[in-house]
Amino acid sequence: MEIIIQLFFFKTINSRRNRDKILSITRVDGTTSNEPEGIQHIVIHHFQSILGNSSSYAQYRYRELHNFSWRQLSDEQVLHLSIPITEDEIKRASFSIHSNKAP
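Position one of the sequence shown corresponds to residue 1413 (my numbering), numbered consecutively onward.
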């Protein structure tokens, strides 16, 4: 019986592994790649073209933040933000997180 359970377990794992694999990918120009290295290159190139490299993204974010219309905090807001956080507040916040979320 134990062997049957192990076979079922390994068959399930292999089935999921095969289902989650990208076996081929088609480029924008219509050509297809079936090689793992080619697939990896295409995916990396795709996301680099969308997201750019880290320095161009950082420059974009800096410009976005620099052009943002910042509102001055009131004295009351500054005071509220400077009040120390208690252990009880941390505990309440941690325990209020939904059970399917990591704290």
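Here a beta-carbon is modelled for each residue, glycine too, at the ideal position from N, C-alpha and C.
Because the structure is a prediction, the values reported are computed rather than measured.
Worksheet entry | C-alpha gap between Glu-1447 and Thr-1424, whole angstroms | 25 Å
Worksheet entry | Cα-Cα separation between Ser-1511 and Arg-1475, rounded to whole angstroms | 38 Å
Worksheet item: Taking just the CA atoms, how far does Lys-1503 sit from Ala-1514?
Response: 14 Å
Worksheet item: If you draw a straight line from the alpha carbon of Leu-1493 to that of His-1478, how long is it in whole angstroms?
Response: 23 Å
Practice prompt. Could you tell me which residues DSSP puts in a beta bridge with Ile-1415?
Written response: None; Ile-1415 has no bridge partner.
Worksheet item: Can you tell me whether DSSP reads Ser-1436 as helix, strand or coil?
Response: coil
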